[in-house]
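Numbering (the numbering used here), first residue to last: 36 to 263.
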């Protein structure tokens with residue numbers, strides 16, 4: 036994971052340096068950007084696979100479920116050239132899953148993810164109102180989840196790393212404001228899940244890692260950002 040982070044930072048530095056040639060672009064800007072994106076989804080009779088850690092969903096023919104998810108990502112960044120911005124990103128995701136289990140009992144699973152990390156953004160055509168961008172990221176996240184069962188409370192938590200690169204677009208709506216959409220992209224997660232199961236006294240642990248492409252409409256997050 037450390038090697039992957041170092042490689043990501045080196046790539047960001049290399050591309051940023053390549054774009055700072057005085058012959059090919061305007062003088063460096065130092066504008067500050069504050070913004071955020073939000074994604075809301077509501078799924079019926081579709082179960083998340085590995086709740087809050089995966090972007091995949093499967094139709095559940097046996098159980099009735101109602102999954103509500105809200106994902107909010109505020110951020111602030113600073114332009115280091117006309118093409119590149121670097122910044123800090125926060126994450127808060129809440130997932131509530133109301134379902135009927137195989138014993139015909141109503142259950143509620145509540146999960147939350149909180150995170151902080153760094154991101155870069157490369158804008159392809161900074162002079163245009165409409166722009167495509169690539170957004171490399173590295174996040175440190177903490178997941179908590181719990182379910183009240185008839186035999187007791189089942190809970191688990193995880194500290195995990197998230198790295199990857201997203202594709203998005205922005206549209207200038209004024210001198211300072213832009214509308215944005217993050218379409219998703221490549222994501223790698225790596226960490227360890229710690230589970231507390233009512234019938235087992237000792238805490239159970241399991242390492243995990245995933246590498247996914249998650250570009251679809253359900254994962255698209257819309258937002259707005261302001262330049263200062």
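Glycine included, every Cβ here is placed at the ideal spot set by N, Cα and C.
Note the first and the last residue of the continuous beta strand (DSSP E) segment covering residue i.
i, result
"residue 260", "256–262"
"residue 69", "67–79"
"residue 209", "Element bounds for residue 209: n/a, residue is neither H nor E."
Once the 5 residues before and after residue i are set aside, which same chain residues still bring their CB inside 8 Å of it?
i, result
"residue 255", "74, 216, 217, 218, 219"
"residue 182", "142, 143, 144, 145, 188, 189, 190"
"residue 66", "113, 114, 262, 263"
Would you tell me roughly how many angstroms separate the C-alpha atoms of residue i and residue j, rounded to the nearest one?
i, j, result
"residue 69", "residue 134", "38 Å"
"residue 243", "residue 224", "8 Å"
"residue 100", "residue 184", "16 Å"
"residue 149", "residue 164", "33 Å"
"residue 1", "residue 132", "Residue 1 cannot be examined here, being either before or after the span of the chain that is shown, 36 to 263."
"residue 203", "residue 195", "24 Å"
"residue 106", "residue 128", "4 Å"
"residue 168", "residue 111", "16 Å"
"residue 237", "residue 173", "32 Å"
"residue 247", "residue 201", "12 Å"
"residue 250", "residue 257", "14 Å"
Tell me which residues share the same chain as residue i and place their Cβ nearer than 7 Å to its Cβ, disregarding the 5 neighbours each side in the sequence.
i, result
"residue 76", "104, 253"
"residue 221", "199, 200, 248"
"residue 161", "117, 118"
Ignore the nearest five residues each way along the sequence and tell me which others in residue i's own chain have a CB closer than 6 Å to its CB.
i, result
"residue 109", "71, 125"
"residue 102", "78, 132"
"residue 193", "178, 226, 228"
Inset, instruction - Decide yes or no for the touch test of the region 180–190 against the region 222–234: beta carbon pairs closer than 8 Å, at least 3 of them. - result: yes
Inset, instruction - Jot down the residue ranges of each uninterrupted beta strand (DSSP E) in the region 107–173, minimum 3 residues, whole runs only, in chain order. - result: 119–135, 141–158
Legend entry - Whole beta strand (DSSP E) elements within the region 182–257, 3-residue minimum: 187–207, 212–231, 239–248
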